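Note that this note's numbering has the sequence shown beginning at 47, numbered continuously upward. Yeah, the Cβ is synthetic: ideal placement off N, Cα and C, and Gly gets one too. Here the structure is a predicted model, which is why all the values come from computation and not from measurement. Read the structure below first, then the notes.
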Amino acid sequence: MADFLTEQWFAGQNEALLAAGPVPLGSGAKVFRVVLEFAGAPTTLPHALTLTLTSDEASLNAGDHLAADALVRLSYADALALTTGKLDSATALREGRLKVRGDVHAIVPLLDWLQQAHPQAEP
């Protein structure tokens with residue numbers, strides 16, 4: 047497994063998203079973007095990533111997007127723990143380790159699909 051937020055990591059995540067099949071947004075659905083910002087990320091790595099979902103595909107890209115529908119802020123350490131399964135998202139939310147702004151509710155119906163795309167992560 048490639049190191050978190052490296053080019054190889056993004057490539058692997060995008061392969062997994064592609065293998066998960068069509069995004070269950072329904073035809074004609076708008077583009078939905080979620081930006082995750084990582085406080086304390088090493089300066090050699092991106093400070094954020096953008097998850098872009100359309101009815102045709104999903105992708106992860108380094109950096110933030112000005113037209114994001116939702117913004118999630120968390121520490122780099124917590125983001126790393128989430129990606130390795132050492133921390134689950136429910137605990138992170140409950141403990142206030144994730145700060146969410148915007149329309150994050152639009153992604154809730156997609157959580158099962160995202161879990162299939164990234165099965166090593168905790169739901």
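Length of the line joining the Cα atoms of residue i and residue j
i, j, result
"Asp149", "Met47", "31 Å"
"Ala104", "Leu91", "22 Å"
Nearest residue (CA-CA) to residue i, options the options
i, options, result
"Ala114", "Leu128, Thr96, Pro88", "Thr96"
"Arg119", "Gly67, Lys132, Ala138", "Ala138"
"Ala116", "Gly58, Gly67, Phe78", "Phe78"
The alpha helix (DSSP H) enclosing residue i, as first and last residue numbers
i, result
"Gly148", "Unbroken run through Gly148 is the beta strand (DSSP E), 145 to 148; no alpha helix (DSSP H)."
"Ser135", "135 to 140"
"Ala75", "Premise fails: Ala75 is in no alpha helix (DSSP H) and is neither H nor E."
"Leu106", "Where Leu106 is concerned, there is no enclosing alpha helix (DSSP H), although the beta strand (DSSP E) it sits in stretches over 104 to 108."
"Ala116", "Taken as a continuous stretch (DSSP letters only), Ala116 belongs to no alpha helix (DSSP H), being part of the beta strand (DSSP E) at 116 to 121."
"Ala62", "53 to 65"
Residue i: first and last residue of the uninterrupted beta strand (DSSP E) it sits in
i, result
"Glu83", "78 to 85"
"Thr98", "94 to 99"
Sub-7 Å separation of residue i and residue j beta-carbons
i, j, result
"Val146", "Asp110", "no"
"Leu106", "Gln59", "yes"
Own chain, CB closer than 6 Å to residue i, minus 5 neighbours either side, in chain order
i, result
"Ala125", "Phe84"
"Phe50", "Leu126, Thr129"
"Ala75", "Ser101"
Near the ligand NAP: residue i beta-carbon under 6 Å from a heavy atom
i, result
"Thr100", "The ligand NAP is not part of this structure, which contains no ligands at all."
Neighbourhood of residue i by C-beta distance below 7 Å, restricted to the same chain and skipping five residues each side
i, result
"Ala94", "Val81, Leu82, Glu83, Phe84, Gly109, Asp110"
"Leu133", "Asp124, Ala127"
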